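Trainee:
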Amino acid sequence: MKPEYGYQLQKDYAKMFELGGQGAANKEIIFALPCSYNGPGHNQWHMMALPTDFQQNGMSGGWGTITSTWAFYDSFESNDVRRSKLLTSYVNSAGETVDKDTPNRLWLPVR
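Okay, here's the thing in structure tokens:
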């Protein structure tokens, strides 16, 4: 990307998703959807990322529409800090841990 556009990668990827990580100070965000708990439907974007059988932290299932593949996860070097930010396992509604070794699970949820 050309420097004159003013965009650049953040040094800490996870900071983009923390409270206060958005806005003009964040040069990585090109297109953002504003969310507010006061908005219609309470902006349930997290439901798109959670698997349909997710059962943790007071949540019971998601829509599973935004996912990634294990091939994407494997494309990172093992010491790449971005790899450590990806969710690689969760507890499903049957109380079982779902991870890369779970049969027929070709994708991982977005964290």
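The opening residue of the sequence shown carries number 76 in the working numbering; numbering runs sequentially from there.
Note that CB positions come from ideal geometry on N, CA and C, so glycine has one too.
Keep in mind the model is a prediction, meaning the values are calculated, not measured.
1) Determine the direct distance from the alpha carbon of E79 to that of N132, and round the result to whole angstroms.
2) Applying the 10 Å Cβ sphere with the 16-neighbour rule, what's the burial state of F92?
3) How many angstroms separate the CA atom of N167 from the CA atom of T127?
4) Going by the DSSP bridge assignment, what does Q129 pair with across the sheet?
5) Counting only the same chain and skipping the five closest in sequence on each side, list residues whose C-beta sits under 6 Å from that of R158.
6) To the nearest angstrom, how far is it from the Cα of Q83 to the Cα of A99?
7) Here's a check: name, in chain order, each residue in its chain whose Cβ is nearer than 8 Å to the Cβ of V173, leaving out the five neighbours to either side.
8) Taking the alpha-carbon of I141 as reference, which of H121, P178 and Q130 has the nearest alpha-carbon?
9) Where A187 and T177 are concerned, what is the direct C-alpha to C-alpha distance, given to the nearest angstrom?
10) Given K86, which residues of its chain have a CB within under 7 Å of its CB, disregarding the five upstream and five downstream residues?
Mentor: Looking at the coordinates:
1) Answer to the nearest angstrom: the Cα atoms are 43 Å apart.
2) For F92, the number of other beta carbons within 10 angstroms of its own is below 16, and it is reported as exposed.
3) If you draw a straight line from the Cα of N167 to the Cα of T127, it comes to about 9 Å.
4) According to the sequence provided, residue 129 is Phe. The question's Gln does not apply to it. The partner list for F129 (beta bridge, DSSP) reads N167.
5) The residues are F151.
6) Between the alpha carbons of Q83 and A99 lies a gap of roughly 12 Å.
7) Excluding sequence neighbours, V173 sits near P126, D128, S164, Y165, V166, N167 and R180.
8) When each option's Cα is compared against that of I141, the closest is H121.
9) It is not possible to answer for residue 187, since the shown part of the chain is limited to 76 through 186.
10) Result list for K86: empty, nothing under 7 Å.
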